[in-house]
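Structure first, commentary second.
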Amino acid sequence: MAFPSLAGKRALKGSALFFLLLSPFLLAFLSVGIGYLRISPGEIFSVFLAKLTGQPTDRSLEAVIFQIRMPRIVLAGMVGAALATAGAVLQAMFRNPLVEPYLLGISSAAAFGASLALAFAGGFLLQPLAFLFGLLSVYLAYTLARVRGEVPIINLVLAGVILSALFMALTSLVKYLVDPHVLAGIVYWMMGSFSGASWKGIGQVAPPLIFCLALLFLMSWRLNVLSLSEEEARALGVKVARERLLFLTLATLLTSLSVSLCGIIGWVGLLVPHLVRLAFSSDTKLLVPLSAFLGASFMIAADDIARSILSFELPISVITTVMGAPLFIALMRRGASRVWR
Amino acid sequence: MEVVVRDLRAGYGRRVVVEGVSFELKGKEVVVLLGPNGVGKSTLLKCLNRILKPFAGTVYLGREDLQTLEEREVAKRMGYVPQEHQPPFPYTVLEFVLLGRAPHLGPFSSPGRKDVEMALEALRLVGMKHLAERPYTETSGGERRLILIARALAAEPQILLLDEPTAHLDFKNTHLVLGMLRGLVKKKGISAFLSLHDPNLALRYADTVLVLNSGKILACGAPEEVINEETIEAAYGMKVKMGRFDGFSFVFVE
Numbered sequence: 341m342a343f344p345s346l347a348g349k350r351a352l353k354g355s356a357l358f359f360l361l362l363s364p365f366l367l368a369f370l371s372v373g374i375g376y377l378r379i380s381p382g383e384i385f386s387v388f389l390a391k392l393t394g395q396p397t398d399r400s401l402e403a404v405i406f407q408i409r410m411p412r413i414v415l416a417g418m419v420g421a422a423l424a425t426a427g428a429v430l431q432a433m434f435r436n437p438l439v440e441p442y443l444l445g446i447s448s449a450a451a452f453g454a455s456l457a458l459a460f461a462g463g464f465l466l467q468p469l470a471f472l473f474g475l476l477s478v479y480l481a482y483t484l485a486r487v488r489g490e491v492p493i494i495n496l497v498l499a500g501v502i503l504s505a506l507f508m509a510l511t512s513l514v515k516y517l518v519d520p521h522v523l524a525g526i527v528y529w530m531m532g533s534f535s536g537a538s539w540k541g542i543g544q545v546a547p548p549l550i551f552c553l554a555l556l557f558l559m560s561w562r563l564n565v566l567s568l569s570e571e572e573a574r575a576l577g578v579k580v581a582r583e584r585l586l587f588l589t590l591a592t593l594l595t596s597l598s599v600s601l602c603g604i605i606g607w608v609g610l611l612v613p614h615l616v617r618l619a620f621s622s623d624t625k626l627l628v629p630l631s632a633f634l635g636a637s638f639m640i641a642a643d644d645i646a647r648s649i650l651s652f653e654l655p656i657s658v659i660t661t662v663m664g665a666p667l668f669i670a671l672m673r674r675g676a677s678r679v680w681r
Numbered sequence: 002m003e004v005v006v007r008d009l010r011a012g013y014g015r016r017v018v019v020e021g022v023s024f025e026l027k028g029k030e031v032v033v034l035l036g037p038n039g040v041g042k043s044t045l046l047k048c049l050n051r052i053l054k055p056f057a058g059t060v061y062l063g064r065e066d067l068q069t070l071e072e073r074e075v076a077k078r079m080g081y082v083p084q085e086h087q088p089p090f091p092y093t094v095l096e097f098v099l100l101g102r103a104p105h106l107g108p109f110s111s112p113g114r115k116d117v118e119m120a121l122e123a124l125r126l127v128g129m130k131h132l133a134e135r136p137y138t139e140t141s142g143g144e145r146r147l148i149l150i151a152r153a154l155a156a157e158p159q160i161l162l163l164d165e166p167t168a169h170l171d172f173k174n175t176h177l178v179l180g181m182l183r184g185l186v187k188k189k190g191i192s193a194f195l196s197l198h199d200p201n202l203a204l205r206y207a208d209t210v211l212v213l214n215s216g217k218i219l220a221c222g223a224p225e226e227v228i229n230e231e232t233i234e235a236a237y238g239m240k241v242k243m244g245r246f247d248g249f250s251f252v253f254v255e
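Sequences listed follow chains E and L, in order.
Using my numbering, the first residue of the first sequence is number 341, and each one after it goes up by one.
Using my numbering, the first residue of the second sequence is number 2, and each one after it goes up by one.
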């Protein structure tokens, strides 16, 4: 039996693919103009051109574009790509489409690290502490889940649930003990923001982030095999424990780096891989890189809304959730059964 | 390729399921494993391709000791068709069969045109090529069993291991799958090693039958020799009678 609509479907998918790959760059360009000071695409273009050819430009416009907005947009794009990729990897690895990058307690552990820094060190070492506690949580989850040299998925999930709860309780304790001023800082950090973006910060995290992403892109087909049962994967010649650990480490690094940079931003890592699966493919060879591109676009757009919808900035996590929930409901109502089983 | 198993002891945790199992198979044949539920059929199958590490004993494949081979090398030689299976994501049938090429691909590579052609050829061999673009999750039970066989075939193994390939299949699909399997074994000169529950299916499709009881080999040989009233009663603890019709032997319960 032939599928008459297949050629048409493929052409449609092809153009959607092209648009998806282009979208982060297009959105980034347009986003430069969005904010308290509106800048038209023509003006952005002329400033870029002047900068390239070395001609003098409007100083304040240049500062807004290059020192304030661009680092922020680049950071949002990177974090969006990192979280969506980590989500895609963990969903495949845990064989569950409802998994998000924070599954193994990264978010609550990082929040605990950040709250320690804010409470006892005036915010000093906030990013390293958030990062290290994120890693610590996954390390603990992995160690706790290990029995007789094997790491069953169910044990990992349970260990993640336990550690999440534990770190959340510890964070609550810190919140309870500190004065209201510090408490506000902790709460604000936990809702996520890109307002701290700078080229220097980007320079520090971009290399490890890009390294992890590149490695995951290279190994993305292999992830399909890991999404089978452990027994099947082993029968296909895969060293399951070793490869799982590698994927888990890379996804954890991506998530922890993101969290340490901009706090906890929910929904991106859960939702984006779903959209890609529904629109394109479950084949992780496509799913992983496409999630990165869509994640970048999604986050840039969400940040545009966060900083432009009101005269003051809204927490990014509120925007991603308010954008994500209706999308997820729409997914659930139509065709979700195809993606979920 | 011949398979020689010597003094195999295997199980889970501390529980020993299979003990003192030794047998030799000459290859290029359909070998059926019979025995009651929980007797160790799946355990034995999983030891053959080492997805379960036996406590003791050796498995030789031709002249090679399986223990000395890398996981990937074992997977190239032995294709495994699991019993229960529910993929969490709607891969297309072709994407799914391509996973069978994994033993031939390193962690950093992905399948190329040659791999796609081999996957399509494997699908053609089991008569499922027309479903290549269909989501695997939307195929029927019988189709799924054949697609799983195609996935195992895509690695070009010398031996197929199948854990109850007819479980949950209806009457027609049972015979379709086993007929297809027997045809493949004869056409490609490979071996199939499968567990079944119905002695009549073994009589119809096997070249060699192994009867397992309480973790040990009870009988091994040609189906007509092995399957008789005494062996079946010893294995399953129930009285049966043998009959003959049109040149076929069969087992029935009075």
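Note that the Cβ used here is the ideal one computed from N, Cα and C, for glycine as well.
Exercise. How big is the Cα-Cα spacing for residue 109 (chain L) and residue 494 (chain E)?
Worked result: C-alpha separation (whole angstroms): 27 Å.
Problem set entry | Neighbour list for residue 96 (chain L) in chain E, Cβ cutoff strictly below 7 Å | The answer, in chain order, is 623.
Exercise. Roughly how many angstroms lie between the CA atoms of residue 598 (chain E) and residue 588 (chain E), to the nearest whole one?
Worked result: A direct Cα-Cα distance of roughly 15 Å separates residue 598 (chain E) from residue 588 (chain E).
Exercise. What's the gap between the Cα of residue 100 (chain L) and the Cα of residue 154 (chain L)?
Worked result: Residue 154 (chain L) has its alpha-carbon roughly 11 Å from the corresponding atom of residue 100 (chain L).
Exercise. Who does residue 136 (chain L) pair with in a DSSP beta bridge?
Worked result: In the DSSP output, where bridge partners are listed per residue, residue 136 (chain L) has L:93.
Problem set entry | Span of the beta strand (DSSP E) around residue 8 (chain L) | Looking at the DSSP string, the run of the beta strand (DSSP E) that includes residue 8 (chain L) is 4–13.
For this session: Closer than 8 Å, Cβ to Cβ, to anything on chain L: give me those residues from the segment 434–451 of chain E, in chain order.
Result: Contact residues of the segment 434–451 of chain E toward chain L are 435, 436, 437 (C-beta to C-beta distance below 8 Å).
Problem set entry | Cutoff 8 Å: residue 72 (chain L) Cβ touching any chain E Cβ | Yes, contact with chain E.
Problem set entry | Short Cβ contact (8 Å threshold) for residue 425 (chain E) with residue 628 (chain E) | Closer than 8 Å, so yes.
Problem set entry | chain L contact residues for residue 565 (chain E), given Cβ-Cβ distances below 8 Å | By Cβ distance, chain L contributes 100, 103.
For this session: Pull up the distance between the alpha-carbon of residue 561 (chain E) and that of residue 555 (chain E), whole angstroms please.
Result: So the two alpha carbons sit approximately 12 Å from each other.
Exercise. Does DSSP classify residue 242 (chain L) as helix, strand or coil?
Worked result: Strand at residue 242 (chain L).
Exercise. What residues match up with residue 174 (chain L) in a beta bridge as DSSP calls it?
Worked result: Looking at the DSSP assignment, residue 174 (chain L) forms no beta bridge with any residue, so it has no partner.
For this session: If I'm right that residue 532 (chain E) touches residue 656 (chain E) with Cβ under 8 Å, what's the distance once you round it to whole angstroms?
Result: For residue 532 (chain E) against residue 656 (chain E), the beta-carbon gap comes to about 5 Å, under 8 Å, which counts as contact.
Exercise. Where in the segment 341–397 of chain E do unbroken runs of the beta strand (DSSP E), each at least 3 residues long, occur, reported from the N-terminal end onward?
Worked result: Whole beta strand (DSSP E) segments, 3+ residues: zero.
Exercise. Between the segment 518–544 of chain E and chain L, which residues of the former have CB atoms less than 8 Å from a CB of the latter, in chain order?
Worked result: Within the segment 518–544 of chain E, no residue qualifies.
Problem set entry | Nearest to residue 578 (chain E) (by Cα), restricted to the options L:38, L:26, L:76 | Checking every option, the nearest Cα to that of residue 578 (chain E) belongs to L:76.
Exercise. Distance, Cα to Cα, residue 192 (chain L) vs residue 161 (chain L)?
Worked result: For residue 192 (chain L) and residue 161 (chain L), the distance between alpha carbons rounds to 6 Å.
Exercise. Whose C-alpha, out of E:355, E:445, E:438, is nearest the C-alpha of residue 595 (chain E)?
Worked result: Measuring from the Cα of residue 595 (chain E), the nearest candidate turns out to be E:445.
Exercise. Between the Cα of residue 427 (chain E) and the Cα atoms of E:540, E:388, E:605, E:667, which residue gives the shortest distance?
Worked result: The shortest C-alpha separation from residue 427 (chain E) is found at E:605.
Problem set entry | residue 578 (chain E): contacting residues in chain L (beta-carbon distance under 9 Å) | 72, 73, 76, 103, 104, 108, listed in chain order.
For this session: List in chain order: all unbroken alpha helix (DSSP H) runs of 4+ residues lying wholly within the segment 556–607 of chain E.
Result: Whole alpha helix (DSSP H) segments, 4+ residues: 560–566, 570–575, 580–602.
For this session: Put residue 192 (chain L) into one of helix, strand or coil per three-state DSSP.
Result: Under the three-state reduction of DSSP output, residue 192 (chain L) falls in the strand class.
Problem set entry | CB contact check: residue 81 (chain L) to chain E, cutoff 8 Å | At least one chain E Cβ lies under 8 Å of residue 81 (chain L).
Exercise. Distance, Cα to Cα, residue 200 (chain L) vs residue 59 (chain L)?
Worked result: Going by the C-alpha atoms only, they are around 28 Å apart.
For this session: Starting from residue 56 (chain L), trace the beta strand (DSSP E) both ways and give me its first and last residue.
Result: Secondary structure note for residue 56 (chain L): it is in no beta strand (DSSP E), with a DSSP letter that is neither H nor E.
Problem set entry | Cα-Cα separation between residue 680 (chain E) and residue 63 (chain L), rounded to whole angstroms | Because the pLDDT at residue 680 (chain E) is just 48, under 50, the model does not fix this residue reliably, and the point stays unresolved.
Exercise. At a Cβ threshold of 8 Å, is residue 561 (chain E) touching chain L?
Worked result: Under the Cβ criterion of 8 Å, residue 561 (chain E) is counted among the residues facing chain L.
Exercise. Are residue 610 (chain E) and residue 440 (chain E) closer than 8 Å when you measure CB to CB?
Worked result: Contact flag set, yes.
For this session: To the nearest angstrom, report how far apart residue 369 (chain E) and residue 384 (chain E) are at their CA atoms.
Result: About 8 Å.
For this session: Locate the alpha helix (DSSP H) running through residue 154 (chain L), then write down its first and last residues.
Result: Residues 142–154.
For this session: With 8 Å as the threshold, decide whether the Cβ of residue 112 (chain L) is near any Cβ in chain E.
Result: So, interface residue.
For this session: Tell me where the alpha helix (DSSP H) around residue 77 (chain L) begins and ends.
Result: Here the alpha helix (DSSP H) through residue 77 (chain L) covers 72–78.
Exercise. Would you say residue 572 (chain E) faces chain L, with C-beta separation under 8 Å as the test?
Worked result: Closer than 8 Å: yes.
Problem set entry | Where the beta strand (DSSP E) through residue 218 (chain L) begins and ends | 217–222 is the extent of the beta strand (DSSP E) around residue 218 (chain L).
Problem set entry | Interfacial residues, the segment 547–558 of chain E to chain L, with Cβ spacing under 8 Å | Residues of the segment 547–558 of chain E with a C-beta atom less than 8 Å from some C-beta of chain L are 558, listed in chain order.
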